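Take a look at the structure set out below.
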Amino acid sequence: LLCCKLYSAGMKMSAPADPLHNSVSLRRLYPPDTDDVKCLAKHLFPIDYPDSWFHDIVTNDRFYTQAALLGNEMVAMLVAEVKPIAIVNKEDADLLSCQFPPETKVCYLLSIGVSQPYRRRGLARLLLSNLLSHLHASLGSQVKCVYLHVLATNRAAIEFYQGQGFQLHCRLPFYYVIEGRPADACSYALYLNDGCPPESCLQTVARSASLVASCVCSRLLSVTCYCRRCHLMPSCLYSIVRRLGSIMGLSCSDSITNSSSRSCSVSMLLMQLKHRLVYSATGSQGTLSSSTASV
């Protein structure tokens, strides 16, 4: 039986286990399960899968599969596949930020479902937890994202995924054909191990602006160092730096009149500003102290 340990990296903490879990056994799918899987899928999913799909998931080792059994009855199932981001379908090609190389691994959750009488008892959460545990145990931190597609009108499933930490990646118009009619899908992603989605245009602009402002601070700091050596501190430079600090929520006393003291105060303020701007642009805290700040 598969270990039922909860692996919570990226996944929200779950409610206490239902007593049903003590009666359910988990194992992978095997070829003799084909008919049971077909029957369960027919009742769970609005899509008609080809026979080749059922054959693949019970015979091909590239798929990670789980069956939840209550006695001899299959009451839930999960199918997933780990692959490089470079070979995912084009609609999912932008799941990860461009900082990740093409060989970065992601996990596609092809299918997860629970038989109607056993829903809302934590079985789907149990299957998902085991998948995350498996990914962590077998691949460490290599997998950066678990993603899936769900019918846009399936509110119950969407609420479940959101409750487990998945976030909307995009809406896919006319992705499914159900009973001869097109239907939209939503793509959801759960980011793991420092994986992250591409930044938005607004985030790109903000990051660029922060980096530019950080460069300006560096230039001002150079001017300040020169002024300190010359025992000068022009009032206009002092005012500019104080204004910049005020905008970023940093304070600098306006009662300092001594040129040397002003220089020290401005230098520290500029180092704090630069640190804060670099953090805004990169998300990296770095280190900063009054005696070891790197400029």
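Straight run, no breaks: the sequence shown in the working numbering ends on number 309.
Ideal placement from N, C-alpha and C gives every residue a C-beta, glycine not left out.
None of these values were measured; they are calculated from a predicted model.
Asked                                                                                                                                                                       : Found
Looking at C-alpha atoms only, which residue of Leu137, Lys119, Asn74 is the closest neighbour of alanine 81?                                                               : Leu137
Helix, strand or coil for cysteine 210, going by three-state DSSP, please let me know.                                                                                      : coil
Compare the Cα-Cα distances from aspartate 65 to each of Arg76, Pro45, Leu84, Tyr78 and report the closest residue.                                                         : Pro45
Quick one: what's got a C-beta closer than 7 Å to lysine 52's C-beta in the same chain, skipping five residues either side?                                                 : Phe68
Would you decide whether glutamine 178 is buried or exposed? Buried here means 16 or more other CB atoms lie within 10 Å of its CB.                                         : buried
Is glutamate 95 closer than 9 Å to tyrosine 122 when the C-beta atoms are compared?                                                                                         : yes
Look up threonine 48 in the DSSP assignment and say whether it is helix, strand or coil.                                                                                    : helix
Express the C-alpha separation of aspartate 47 and threonine 73 in angstroms, rounding to a whole number.                                                                   : 10 Å
With distances taken between CB atoms, is the gap from valine 128 to leucine 146 smaller than 9 Å?                                                                          : no
Would phenylalanine 114 pass as a contact of isoleucine 99 if the rule is Cβ separation under 9 Å?                                                                          : yes
What are the start and end residues of the beta strand (DSSP E) that includes isoleucine 126?                                                                               : 119-128
With a threshold of 8 Å on Cβ separation, who are the neighbours of arginine 185 within its own chain once the five nearest residues in sequence on each side are excluded? : Ala166, Asp198, Ala199, Cys200, Ser201
Can you tell me whether lysine 56 is buried or exposed? The criterion is at least 16 other CB atoms within 10 Å of its CB, across all chains shown.                         : exposed
Going by DSSP in three states, isoleucine 192 sits in which element: helix, strand or coil?                                                                                 : strand
Evaluate valine 93 with the Cβ neighbour count: other Cβ atoms within 10 Å of its Cβ, from every protein chain shown; 16 or more gives buried, anything less gives exposed. : buried
DSSP three-state label for cysteine 53, please.                                                                                                                             : helix
What do you reckon, are the CB atoms on leucine 120 and lysine 104 nearer than 9 Å?                                                                                         : Reading the sequence as shown, one finds valine at residue 120 and not leucine. No; because the gap between Cβ atoms is not below 9 Å, this pair is not in contact.
Helix, strand or coil: how does DSSP classify valine 38 here?                                                                                                               : strand
Out of Met285, Leu204, Cys112, Gln176, which has the shortest C-alpha to C-alpha gap to cysteine 229?                                                                       : Met285
Under the rule that 16 or more other beta-carbon atoms within 10 Å means buried, what is isoleucine 61, buried or exposed?                                                  : exposed
For phenylalanine 188, count the other beta carbons within 10 Å of its own beta carbon; 16 or more makes it buried, fewer makes it exposed. Which is it?                    : exposed
Take aspartate 32 as the anchor and find which of Ser125, Gln130, Arg139 has the nearest alpha-carbon.                                                                      : Arg139
Report the partner residues of glutamate 105 according to the DSSP bridge assignment.                                                                                       : Per DSSP, none; premise fails for glutamate 105.
Using a C-beta cutoff of 9 Å, does leucine 123 count as contacting chain D?                                                                                                 : Absent here is chain D; the protein component of the structure consists of one chain.
Using a Cβ-Cβ cut-off of 6 Å (strictly less than) and excluding sequence neighbours within five positions of serine 269, which residues of its own chain qualify?           : Low confidence applies to serine 269: its pLDDT is 48, below 50, so where it sits in the model is not reliable, and the reading given next is rough at best. Within the same chain, serine 269 has no close Cβ partners at all.
For a test of the three-state rule: what should DSSP assign to serine 152, helix, strand or coil?                                                                           : helix
Check leucine 43 in the structure and name its three-state DSSP category.                                                                                                   : coil
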